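Heads up, the sequence shown is in the working numbering, so the first residue is 587 and it goes up one at a time.
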Amino acid sequence: MFTLTAQDRHGILIKEATKKGYAEATVGDSVNLSHPNSKTRRGRVGNQIANTLLTGESQGVVEPDFRIRKLTPKECWRLQGFPDWAFDKAQEVNSNSQLYKQVGNSVTVNVISAIAQGLG
């Protein structure tokens, strides 16, 4: 059984549509923040991974002080395999909202590269 107390913190309980009714998120886990009161959502916690990036600002990460912090646009771009210079160039002319949308509508560069090499 998992219990949260002020003295002995292990993680954060995230509501999910499972038998337990929740998933445990620990430091470094990603959390899908969209539809927090949904009674049908599952797979909201990514154990040491980032779940699918969407076009909105719906991903967070559990910090060492057990707070959930939203991923920054730059972190999302890095997760998709884009170099920092490409993000910096896009940031000059786009709002954060647009940066999230652009990366959410993109494909992961490393994965597409590996597929292309395999077809090669």
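Each residue gets a CB set at the ideal place from its N, CA and C atoms; glycine is no exception. Source: prediction; values computed, not measured.
Exercise for review: Go ahead and label residue 697 buried or exposed: buried means 16 or more other beta carbons lie within 10 angstroms of its beta carbon, across all protein chains shown.
Suggested key: With fewer than 16 other Cβ atoms within 10 Å, it is exposed.
Practice item. Could you check if residue 611 is buried or exposed, using at least 16 other CB atoms within 10 Å of its CB as the buried criterion? Key: buried
Exercise for review: To the nearest angstrom, report how far apart residue 641 and residue 608 are at their CA atoms.
Suggested key: 25 Å
Check your understanding: So, residue 648 versus residue 690, is the Cβ gap smaller than 8 Å?
Key -> no
Review point. Are there 16 or more other CB atoms within 10 angstroms of the CB of residue 635, so buried, or fewer, so exposed?
Key: exposed
Point to revise | Own chain, CB closer than 7 Å to residue 639, minus 5 neighbours either side, in chain order | key: 645, 662, 665, 666, 689 and 690
Point to revise | Sheet register partners of residue 610 (DSSP bridge) | key: 599
**Study point:** CB of residue 629 within 8 Å of CB of residue 616, strictly
**Key:** Result no, Cβ atoms of residue 629 and residue 616 do not sit closer than 8 Å.
Check your understanding: The beta strand (DSSP E) with residue 627 in it runs from where to where?
Key -> Counting along the chain, residue 627 falls outside any beta strand (DSSP E), and DSSP gives it neither H nor E.
Exercise for review: Mind checking which residues open and close the beta strand (DSSP E) that includes residue 645?
Suggested key: 645-648
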